[in-house]
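**Student:** Residues 278 to 539 (the numbering used here) are what the sequence shown spells out, left to right.
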Amino acid sequence: MLGPFPGMDPYLEEPSEWPDVHSSLISAIRDTLAAELTPAYVTRIEQRVYIIEPPEERVQTIAPDLHIFESPRPGAVLASAGAIAAPTEVEALYDLEIRDRFIEIRDARNRDIVTTIEILSPFNKTANSVGRQHFLRKREAVTSSRTHWIEIDLLRAGQRPVQLAGLSDYYVLLKRYGKLNYEVWFADLRDPLPIIGVPLRAPHPDVPLDLQTILNGIYQRAYYAQSVDYTRRVAEPPLLPADANWAAAQLQRWHAVRSTPE
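1) Using the beta-carbon count (16 or more within 10 Å), is P485 buried or exposed?
2) Would you call the region 420-431 and the region 392-404 in contact, with 3 or more CB pairs under 8 Å?
3) In this structure, what does DSSP give as the bridge partners for V319?
4) Using the three-state DSSP reduction, which class does V326 fall into: helix, strand or coil?
5) Under a three-way DSSP split, which group does H425 fall into?
6) Suppose only complete runs of 3+ residues qualify. What are the beta strand (DSSP E) ranges in the region 410-459, listed by chain order?
7) Can you tell me whether DSSP reads V298 as helix, strand or coil?
8) Measure from the alpha carbon of L451 to the alpha carbon of each residue in T420, N405, D468, then state which is nearest.
9) Counting only the same chain and skipping the five closest in sequence on each side, list residues whose C-beta sits under 6 Å from that of R453.
10) Would you check if the distance between the CB atom of A385 and the CB atom of A317 is smaller than 8 Å?
11) May I have the straight-line CA-CA distance separating L289 from D468, to the nearest angstrom?
12) Is the shortest distance between the beta-carbon of R416 and the beta-carbons of chain B less than 8 Å?
13) So what does W462 bridge to, in DSSP terms?
14) Check T309 in the structure and name its three-state DSSP category.
15) In terms of DSSP beta bridges, what is G474 paired with?
16) By the DSSP assignment, the alpha helix (DSSP H) with V534 in it spans what residues?
17) Quick check: the Cα distance between Q337 and P283, rounded to an integer number of angstroms?
18) Within this structure, are the beta carbons of R325 and D389 separated by less than 8 Å?
19) Taking the alpha-carbon of L517 as reference, which of Y500, Q497, I472, S445 has the nearest alpha-carbon?
20) What number of angstroms, rounded off, separates the C-alpha of Q527 from the C-alpha of R423?
21) Closest to L302 by C-alpha separation, out of M285, E313, T315, N522, would be which residue?
22) On a Cα-Cα basis, can you pick out the residue from E313, A524, A512 that is closest to L432?
23) Put R510 into one of helix, strand or coil per three-state DSSP.
24) Just mark G535 as buried or exposed, buried being the case when its beta carbon has 16 or more other beta carbons within 10 Å.
25) Look at W531 and P281 and say whether their C-beta atoms are less than 8 Å apart.
Take a look at the structure:
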């Protein structure tokens, strides 16, 4: 069953849902492009690794599947034949490894990277975070190279380029090799996600990528209709009042359709 919204589902932005959504989008986009681009191009999922060293207040937002447990406090020690030696307390040995996946399209002949596709996550949209710093450095490096750059932002929260802040709920940005200006597709909560053009090397034209069809497909295959909690509040930031009323009406109609016997 399709979801309650014509475009991006804001409930999928919830930190507990997003890791699965992100992984599913990456895989679905790779599969779609690979089917279109073979044999001239190779489409692969790559990853980079971040190490985050707490204390950091944003850890649960950045990596919501991380569970931190409090160690039991020292209590009374049972008497025994041998006394327990007193330990020395040291600073916690702790680091958090985050794996960030993205897509590369490579020329099948020489394996040169032609296009990089990034789907943003909380850890590369969080101000002053390690993930954000790495992401900005990579964006700068790729957009200064011979590689095309696409970034897909389906999260309303977090940092955005200054030129795009506040212009829409969601966006896709394309920086073509050899072009000065960026191309941007904007989408709001009430809009379907766009069909974007993925650039390749001459003489090949852009290949269309229908993001809404891809999102609809993973929504159905992952059975999000059965697992997403639509009774809770939408993930931060809160919707504007008009959008909140519209979303509530969408959900009401959707629940009515689901409860109607076939």
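Glycine included, each C-beta is placed from N, C-alpha and C at the ideal position.
**Tutor:** So, to answer that:
1) exposed
2) yes
3) R383
4) strand
5) strand
6) 425-430, 447-452
7) helix
8) T420
9) H425, P476
10) yes
11) 16 Å
12) Among the protein chains of the structure shown there is no chain B, as only one such chain exists.
13) V449
14) helix
15) P485
16) 518-536
17) At Q337, the pLDDT of 44 sits below 50, so the modelled position is not reliable and the matter cannot be decided from this model.
18) no
19) S445
20) 44 Å
21) M285
22) A512
23) coil
24) The sequence shown places Arg at residue 535, not Gly. Its Cβ having fewer than 16 others within 10 Å, R535 is exposed.
25) yes
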